[in-house]
Amino acid sequence: MNSRQQSILQMVVDKGQMSVAELAKITGVSEVTIRQDLNTLEKQSYLRRAHGFAVSLESDDVETRMM
Numbered sequence: 001m002n003s004r005q006q007s008i009l010q011m012v013v014d015k016g017q018m019s020v021a022e023l024a025k026i027t028g029v030s031e032v033t034i035r036q037d038l039n040t041l042e043k044q045s046y047l048r049r050a051h052g053f054a055v056s057l058e059s060d061d062v063e064t065r066m067m
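The opening residue of the sequence shown carries number 1 in the UniProt record's numbering; numbering runs sequentially from there.
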């Protein structure tokens, strides 16, 4: 997991869910890049994707695995 993906994951965990557009604006990268990062994070079971959104899984479990 790269530093951008870690930042994305932390924001999603903190807020519970965030839109692709919101994440792109905050991180300064394209929505395509965000979608790719979210797909990677979902494959690693760090979060769940919904149409246009990223949704946090159990935040305690995710934060433990990030360490």
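Where a beta carbon is used, it is the ideal one built from N, C-alpha and C, also for glycine.
- The three-state secondary structure of Val55, taken from DSSP, is strand.
- At the C-beta level, Arg4 and Thr27 come within 8 Å of one another.
- Taking the Cα positions, Met18 is about 7 Å away from Val55.
- Linking Ile34 to Gln10 through their CA atoms gives a straight-line distance of about 14 Å.
- Here Val20 is not near Leu47, since their CB atoms are 8 Å or more apart.
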